[in-house]
Structures are given as structure tokens and as C-alpha cells.
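Residue numbers (our numbering): 416 to 856.
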């Protein structure tokens, strides 16, 4: 985390006329929220790194984008644009992942050192609306959006295991083709049936339309972004928001658009595995919880555990073709990529929960509940399924960064072609109904 600030300050020292670094807020733990700006154009682009604590690639991406913008005046003067790069919106959470960030990059090391805060402590979500935002990180981001009124906002996310994809608040014709070209060049699988977007409209292969926020319960919000968010907040200014997902471990099957041979059989298997893992994790937590009263910050680790264990049964029912989950909604048509994504998602929830519980055990200074062997089995089984069953392969960090950088630059160019997509900084917004033209290139 500290390295991001040091590198940004060094870049500003080398380019004092074009680059600035300022503090735009403070985290709950007192860490400065730093904004690196490049260029002096009137059209503002905002790029947000580190919205999820376990997704660190965005920090390296914003530094790469700054270097590109400084080296190529077409991205600043030529586009009448200023690049505003938020180095990390959740620095406290990122620090909690430093146990795996230095490598070696193995699935087991990642799982046992994984941290992501509970749903209500994630800076991009606005479950009670922007006027009632509680987190200082969220309030800082909202204030920055209101100050800049960007024509484009990019939120930099990372998929731990799977493929790359983009979620958009407005259509950007031509983006899917750019992503396909970049992914092919860099060997990044495109996720053609992302679990997050199962019920969302497709705007092209690996590009999805973010639906309008709606009221929903907590479990729906965790899995479907059913509440308001900082992705949607700047739509009042005509902002196009692109959520750019880059994978750490790639799985080729998420790019397989073929018709599955046995859809229902595979869904039953995924649901059964998730239910079995959830029962095992509930038993572990029940044995461990009485020993956590004296563990420092146990609540911070238990919050996401409780979230995951709340949502897992709901997802298992929603994916099971033999179970009525009570939502009145049937599964959409599914290709092989969808089924691969659901398999990965089920394992992801189990692994995250097991990893967080593993950290809670180690913080007790021993294993007072005798649950560590079971947690190690859960972690090892999940990692083996990813590695051997799904053929997950590590994607080197420079390729992750280059992929995310190229996707952001493509979105920047395409959003800049359509003046209706955003307002200039300081001009009145066009309102939440503004959208880019719906024509194809």
C-alpha cells in the first residue's frame, strides 16, 4: 500500500507541470486517500483502484495509466482531458491482504491470507443511498464524483479465478471487439457467462449492462448488486461507468460459449458441493465462535464469514434445477461458460469463508476448538478443484495490468466519441436518463 503513494509522488516529482498528487479523504484507520491527476483538460476521467481489498491489480494499473497519459499527449491535451486516478479507495483492507501480495502466488497462500470486509464495509456500496453513506472512504469517493462530474468513471476490479469482463452503466459500441482483441493478444480468457451478471443484459461478449439499482434484501445485494452504488451515483452528470474485471488465475472454460451436454446435472453438482461445504463451515464456526471473545478484531473477520454463510444456501437453491428458491425467477439460458462460472463462484465462497476462519484460528494462538485440520482440508480441496478440476493458471501481474490498462484506454476513447455520454466538469449534468447513442460501429 505504501509503495503506491511513494511511486505516485516520484512520478509527480519527475513531471511537476503535468501531474499532481492530493489527499481527497482519510480511511477509517487514518490512511490518506490519494488522488493522482495528470493533464489539465476540462473533460474529467476518474479511475478508482482498490474498491475490493483482495483485488490489488488496480493500484499498478493506475500508475501505468498515469505513465501512458504523460507519454502520450493525445490522452490529455489532444482529448481536452484530465486523468484523475484514485490510488486505492480501501487502503485498510488492502493492507490486510499483504500476507499473500508479496508471493509466491499460489492458490493456497491466497486463500489462507485472503481478506475482504463484510458487505456493509465495502466502499462502493450505498445500501441506504448516498445521503446516508457512513464510511469515510465512500463519502470521499462521492464527493470526488460530485466535484469532477466525470464523463467516464472506471472502477478497477479483479477476479481471483476466472476471466476478464466489463460491466457498463451505458453501452459503448465497439468495446466488446476491443476486449476480444486485447484478451487474445495477452492470453486472458474472457468470461462469457459471469456469475455476477447472470440475470443482466449482454452488450456483447464479456460486456454486461449494469441494471438500475432496486430495493433488495442483503443476500440479493451481495450477489446481484441490487442496491445503489457509487457506480450509479454520477449518472446524474451523464457519466459512463465501466467496471473492469481482470483475472488473477485464468480458466479457459469461462470463455466456452458452447451448449452444455448436461446442464441440469452440472447445476445439481455445483449446488450439492456448495451445500456440503456450507454445512462443514457452519460446524467449524459453531465450534470456533466461543473461543473468539479475546481475539483482536475478530468481528472484522467474522462479518464477511457471516455474509458468505448467509448467502451460500440461497445460491445453492437458486442454482439447483430441482429446488424452488421462492424468488419466482427461473435460470436464464446457459452455455458452458455460465456453468464454469457458477462452479468457480461456489468454490470461491467456500474458500473465502474457510480462509477467513483459518486466520481466526491462527489469531487465537493455537487451535482451541480443534478445527484447523478441517479448515486445511476445505482449503486444499477447493484449491485442488481450481487447479486440477478447472485448470486454473496464474496470470503474471504485468499481463493483468496491461489487460486492465488497455480496456480502460478503450473505454476512454469510445466514451469520448459520444458527447451525450457525459458533461464537462462544472457544467450542469444531463440527468440520470442520459445515455450514449445505441448504434453499432
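Backbone N, C-alpha and C define an ideal beta-carbon position, used for all residues, glycine too. These figures come from a predicted structure and were not determined experimentally.
Closest by C-alpha distance to residue 655, when choosing among 565, 697, 818: 565
Using 8 Å for Cβ pairs, my map puts residue 820 next to residue 479. What's the rounded Cβ distance? 5 Å
Name the DSSP bridge partner or partners of residue 582? 623, 658
With a threshold of 6 Å on Cβ separation, who are the neighbours of residue 798 within its own chain once the five nearest residues in sequence on each side are excluded? 522, 523
If we ignore side chains and look at the alpha-carbon of each, how far apart do residue 612 and residue 622 end up? 10 Å
Look at residue 719 and residue 532 and say whether their C-beta atoms are less than 8 Å apart. yes
Give the DSSP-derived three-state secondary structure of residue 491 in the structure shown. coil
Can you look up residue 422 in the DSSP assignment and give me helix, strand or coil? helix
In angstroms with no decimal places, state the Cα-to-Cα distance between residue 618 and residue 772. 39 Å
Return the residue from the list 734, 581, 422, 624 that minimises the CA-CA distance to residue 605. 581
Endpoints, the beta strand (DSSP E) within which residue 440 is located: 434-441
Which of the three DSSP states is assigned to residue 395 in this structure? Outside the displayed span of the chain (416 to 856) sits residue 395, for which this structure offers no information.
Just reading off the beta strand (DSSP E) that residue 515 is part of, what are its end residues? Per DSSP, residue 515 belongs to no beta strand (DSSP E); it is in the alpha helix (DSSP H), 513-516.
Start and end of the alpha helix (DSSP H) containing residue 829? 812-831
Can you find the residues in the same chain that come closer than 6 Å, C-beta to C-beta, to residue 690, ignoring five residues on each side of it along the sequence? 731
With 16 as the cutoff for other CB atoms within 10 Å, does residue 586 come out buried or exposed? buried
Would residue 469 and residue 575 be called neighbours here (beta carbons separated by less than 8 Å)? yes
Compare the C-alpha of residue 717 against each of 728, 704, 709, 726 and name the closest. 704
Closest to residue 495 by C-alpha separation, out of 458, 487, 513, would be which residue? 458
What number of angstroms, rounded off, separates the C-alpha of residue 425 from the C-alpha of residue 475? 14 Å
Below 8 Å on the Cβ atoms is my contact criterion, and I expect residue 666 with residue 577 to pass it. Report the Cβ-Cβ distance as a whole number of Å. 6 Å
By Cβ distance below 6 Å, which residues in the same chain neighbour residue 762 in space, the five residues on each side in sequence not counted? 797, 800
Euclidean distance between Cα positions of residue 429 and residue 452: 14 Å
Can you list, in chain order, the residues of its chain whose CB lies under 6 Å from that of residue 643, leaving out five sequence neighbours each side? 541, 544, 628
What does DSSP give as the partner residue(s) for residue 542 in the beta ladder? DSSP output for residue 542 lists no bridge partner at all.
I need the boundaries of the alpha helix (DSSP H) containing residue 452, first residue and last residue. Element bounds for residue 452: not the alpha helix (DSSP H) but the beta strand (DSSP E), 447-453.
Uninterrupted alpha helix (DSSP H) stretches inside the region 667-695 (no shorter than 4 residues): none
What does DSSP give as the partner residues of residue 808 in its beta bridges? 665
Taking contact to mean at least 3 C-beta pairs separated by less than 8 Å, is the region 593-610 in contact with the region 482-496? no
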